[in-house]
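What follows is a short report on a single structure.
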Amino acid sequence: MCGISGIVALGGNPIEPTEIEAQANTLIHRGPNQGGVFVSPRRDCGLGIRRLSIIDVAGGRQPLTSEDGSVVLVYNGETYNHRSLRAQLEALGHRPRTHSDGEVVLHGYEAWGAAGILQQMRGMFAFALWDETRRRLVLARDRFGIKPLYTARHNGRLYFASEIKAILARPELPRRVNLAALQALFTVGFVPGPATLFEGIFKLPPAHFLVAEAGNVRQERYWALTFAEQSGLSEAEAVEQFLALLRDSVRLRLMSEVPLGTLLSGGLDSGALTALVQTQLPRRLKTVLIGFDQPGYDESPRALALARFIGTEHQPVTFTARDFDDYPTVMRALEEPQCSATAVPIYRLYQACRQVGLTVVLTGEGADELLGGYHWHQGDALARRLLLLPGWLRRLAAASLPMSAAARRVLARGEREPARRFQHWLEIPGGEFGSALFTAGVTAELAAAGPNPLLASWPARLAELQTTSPLHQMLGLEAQTRMVDFINFEVDKLSMAHSIEARVPYLDHKLWEFCATLPPQFKLKGRVEKYLLRQASRGLLPEATRRRKKLGLAAPYAAWLATERLPDWAEAALSPGALRQAGLFNPETVLRLRRAHRAGQPNLGPLLMGVLSTQVWHELFGQ
Numbered sequence: 016m017c018g019i020s021g022i023v024a025l026g027g028n029p030i031e032p033t034e035i036e037a038q039a040n041t042l043i044h045r046g047p048n049q050g051g052v053f054v055s056p057r058r059d060c061g062l063g064i065r066r067l068s069i070i071d072v073a074g075g076r077q078p079l080t081s082e083d084g085s086v087v088l089v090y091n092g093e094t095y096n097h098r099s100l101r102a103q104l105e106a107l108g109h110r111p112r113t114h115s116d117g118e119v120v121l122h123g124y125e126a127w128g129a130a131g132i133l134q135q136m137r138g139m140f141a142f143a144l145w146d147e148t149r150r151r152l153v154l155a156r157d158r159f160g161i162k163p164l165y166t167a168r169h170n171g172r173l174y175f176a177s178e179i180k181a182i183l184a185r186p187e188l189p190r191r192v193n194l195a196a197l198q199a200l201f202t203v204g205f206v207p208g209p210a211t212l213f214e215g216i217f218k219l220p221p222a223h224f225l226v227a228e229a230g231n232v233r234q235e236r237y238w239a240l241t242f243a244e245q246s247g248l249s250e251a252e253a254v255e256q257f258l259a260l261l262r263d264s265v266r267l268r269l270m271s272e273v274p275l276g277t278l279l280s281g282g283l284d285s286g287a288l289t290a291l292v293q294t295q296l297p298r299r300l301k302t303v304l305i306g307f308d309q310p311g312y313d314e315s316p317r318a319l320a321l322a323r324f325i326g327t328e329h330q331p332v333t334f335t336a337r338d339f340d341d342y343p344t345v346m347r348a349l350e351e352p353q354c355s356a357t358a359v360p361i362y363r364l365y366q367a368c369r370q371v372g373l374t375v376v377l378t379g380e381g382a383d384e385l386l387g388g389y390h391w392h393q394g395d396a397l398a399r400r401l402l403l404l405p406g407w408l409r410r411l412a413a414a415s416l417p418m419s420a421a422a423r424r425v426l427a428r429g430e431r432e433p434a435r436r437f438q439h440w441l442e443i444p445g446g447e448f449g450s451a452l453f454t455a456g457v458t459a460e461l462a463a464a465g466p467n468p469l470l471a472s473w474p475a476r477l478a479e480l481q482t483t484s485p486l487h488q489m490l491g492l493e494a495q496t497r498m499v500d501f502i503n504f505e506v507d508k509l510s511m512a513h514s515i516e517a518r519v520p521y522l523d524h525k526l527w528e529f530c531a532t533l534p535p536q537f538k539l540k541g542r543v544e545k546y547l548l549r550q551a552s553r554g555l556l557p558e559a560t561r562r563r564k565k566l567g568l569a570a571p572y573a574a575w576l577a578t579e580r581l582p583d584w585a586e587a588a589l590s591p592g593a594l595r596q597a598g599l600f601n602p603e604t605v606l607r608l609r610r611a612h613r614a615g616q617p618n619l620g621p622l623l624m625g626v627l628s629t630q631v632w633h634e635l636f637g638q
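In our numbering, the protein residues as written are 16 to 638.
Next up, the structure:
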């Protein structure tokens with residue numbers, strides 16, 4: 016796992032090695048073991064690397080070069096099937112010089128082209144490859160966006176890096192706020208790709224590669240998930256094949272020359288994963304969990320019992336309200352604000368992994384998106400039955416029946432288009448405060464711009480999925496949006512902040528392609544979510560764990576925000592002076608919002624957290 020960066024001149028000034036060094040120096044936390052810089056002979060391309068050594072620790076120094084030196088690569092991630100790819104390439108006459116998993120990308124590019132090698136890779140990755148003969152740059156990102164890659168164009172140059180701060184190492188790049196991204200943040204709680212909150216800086220979309228050649232830049236997609244639903248397997252056969260694929264995914268992700276462990280909560284996803292890891296290791300596995308000192312959030316007793324059942328060496332860490340003081344440090348790692356604070360306990364969790372000596376950690380993200388595990392999947396199945404009712408009856412049901420605030424919103428609005436309904440499930444409630452949150456200038460600019468382009472594109476993505484199943488439509492859309500730009504985003508940034516490589520076996524594309532052929536009821540069966548995983552876990556987990564409802568990682572930030580006085584850094588960020596200086600939020604509205612939240616008005620925590628998060632972001636990264 017590494018941090019990569021670079022610049023290619025599309026017609027601008029020649030590149031200096033010191034520019035690439037400055038970029039790479041911002042990424043040392045991602046790669047503390049080794050660094051390197053390459054600048055092409057004509058100084059039209061520069062590549063930088065900071066390496067966290069996992070595979071071929073001694074011999075896999077980067078940048079990597081082809082036999083004749085004409086192709087150069089900097090690589091972040093893991094190619095889990097690199098041994099089989101290496102064998103194919105050696106049969107074609109290629110002679111890799113290292114045992115690095117990244118080197119197969121070089122030779123694969125020479126043998127099969129960019130799309131050809133990408134379609135064969137099984138793993139998580141982002142890389143930059145320079146072809147000196149063609150004077151061509153290739154950037155690529157894995158299928159689910161597990162590894163990040165950012166780009167920006169300015170003054171005849173294309174900048175790229177694993178983190179935004181490496182791009183901003185060049186002081187001439189502007190730091191303007193992307194107002195469409197800001198609006199989307201306060202709609203769904205995160206910044207949807209390909210945008211960032213920095214105007215002009217973009218995320219390379221998952222399953223895409225970019226080619227910069229002869230002054231032109233183009234992007235291509237090399238993989239797409241479709242839901243065929245044609246397997247014809249019985250339930251027993253589906254469970255058997257699912258478990259075999261998951262077991263194989265875990266096996267591939269155990270390759271490591273450094274200490275490896277797992278994250279273990281008291282739940283199904285991490286429990287099944289940990290049990291599968293322990294069955295494939297000859298030693299006792301080390302597991303880490305974060306607990307909470309606030310009732311309703313803490314799963315540590317269940318996790319400890321599960322660790323004893325599986326037989327792991329368990330390392331607990333407890334999150335307290337004092338840990339929110341880490342938030343500015345967490346935001347420096349995230350580089351973009353959010354309308355939640357789950358990032359703070361996740362930051363502490365990976366910090367604990369480093370403290371107990373781990374370098375590689377397997378984690379359970381992706382199971383909910385794969386098998387319909389979130390509350391809105393079950394809620395949407397129930398709400399769809401009522402969408403055909405007359406409007407007045409739907410609104411009456413929403414007002415009188417017991418249900419969550421999100422379910423009331425979805426039912427009352429009666430939206431039938433799946434992508435827009437998914438946005439309603441995610442929506443950040445604001446009420447009277449939401450409509451007056453932004454300054455008059457920001458509000459006027461947003462009104463003049465029309466519908467938000469980042470969210471308006473969501474319905475078009477559904478056609479690519481080739482399914483009419485509402486559950487599969489939601490899962491496919493979620494895999495392209497929230498999973499990439501919130502879930503995977505947090506895992507990468509917060510693990511790498513502590514030089515930890517986080518691996519996600521549930522995000523193996525072979526596993527997803529198989530599950531896409533199965534009927535929806537194998538995933539959400541009645542009121543039982545992640546049905547396939549629950550069936551596959553028989554014998555691996557205690558029955559109580561296998562049957563337990565999802566709790567999910569949350570942070571008690573709403574209670575923390577309701578205290579009479581926040582820590583000095585938070586009070587300063589929310590002060591009228593700081594709000595006016597940033598120029599994004601109406602100070603009077605924020606003051607009323609804080610008072611209402613302290614008074615106990617429900618569902619305002621995410622909105623207030625979004626304001627605080629954005630203010631801290633602006634203080635750290637704004638001009």
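Yeah, the Cβ is synthetic: ideal placement off N, Cα and C, and Gly gets one too. Values in this document were obtained by computation on a predicted structure and should not be read as measured data.
Between residue i and residue j, what straight-line distance do the alpha-carbon atoms span, to the nearest angstrom?
i: Glu255; j: Gly541; result: 21 Å
i: Ala155; j: Leu635; result: 29 Å
i: Gln245; j: Glu528; result: 12 Å
i: Gly18; j: Arg45; result: 5 Å
i: Ile515; j: Leu401; result: 46 Å
i: Gly123; j: Asp157; result: 16 Å
i: Ser628; j: Leu104; result: 48 Å
i: Asn231; j: Gly171; result: 11 Å
i: Leu197; j: Thr357; result: 19 Å
i: Thr141; j: Arg236; result: The amino acid at residue 141 is misidentified as Thr; the sequence shows Ala. Their Cα atoms are separated by approximately 14 Å.
i: Ala143; j: Pro602; result: 44 Å
i: Ala574; j: Glu214; result: 33 Å
i: Cys60; j: Phe217; result: 20 Å
i: Thr327; j: Pro316; result: 15 Å
i: Tyr165; j: Val499; result: 13 Å
i: Ser484; j: Phe437; result: 14 Å
i: Ala588; j: Ala434; result: 35 Å
i: Arg563; j: Ile161; result: 28 Å
Within 10 angstroms of its Cβ, does residue i collect 16 or more other Cβ (buried), or is it exposed?
i: Ile64; result: buried
i: Ala463; result: exposed
i: Thr33; result: exposed
i: Ala455; result: exposed
i: Asp523; result: buried
i: Gly286; result: buried
i: Trp440; result: buried
i: Ile361; result: buried
i: Leu261; result: buried
i: Lys301; result: buried
Excluding the 5 residues flanking residue i on each side, which residues of the same chain have their C-beta closer than 6 Å to its C-beta?
i: Tyr389; result: Asp383
i: Leu403; result: none
i: Ala39; result: Ser20, Gly50, Gly63 and Arg65
i: Glu350; result: Ile179
i: Lys508; result: Ala348 and Leu349
i: Met136; result: Thr94
i: Pro29; result: Arg58
i: Ala181; result: Ser20, Gln38, Thr41 and Leu42
Tell me the DSSP bridge mates of residue i?
i: His169; result: Arg172
i: Glu93; result: Met139
i: Asp146; result: Val86 and Arg151
i: Ile305; result: Val332
i: Thr277; result: Thr302 and Leu377
i: Lys540; result: Val543
With a threshold of 7 Å on Cβ separation, who are the neighbours of residue i within its own chain once the five nearest residues in sequence on each side are excluded?
i: Asp116; result: Ile70, Glu93, Thr94 and His97
i: Asn618; result: Ala420 and Pro444
i: Gln366; result: His513
i: Gly372; result: Pro274
i: Glu586; result: Arg580
i: Ile502; result: Glu380
i: Arg595; result: Pro602
i: Ala569; result: Tyr312 and Thr357
In chain order, what residues of the same chain have a beta carbon less than 8 Å from the beta carbon of residue i, not counting five sequence neighbours either side?
i: Arg518; result: Glu93, Met139, Arg268, Val375, Val376, Leu377 and Thr378
i: Gln536; result: Tyr546
Which runs of the alpha helix (DSSP H) at least 4 residues long sit entirely within the region 187-239? Give them in chain order. 194-203
Please go through the region 353-416 and give each complete alpha helix (DSSP H) segment of 4 or more residues, from N-terminal end onward. Within the region 353-416, the complete alpha helix (DSSP H) runs of at least 4 residues are 358-370, 382-386, 390-399 and 406-415.
Could you name each continuous beta strand (DSSP E) segment of 3 residues or more that falls completely within the region 27-75, going from the start of the chain to the end? 49-54 and 60-66
Which whole runs of the alpha helix (DSSP H) in the region 458-533 are 4 residues long or more, in chain order? 468-471, 473-480, 485-495, 504-511 and 524-530
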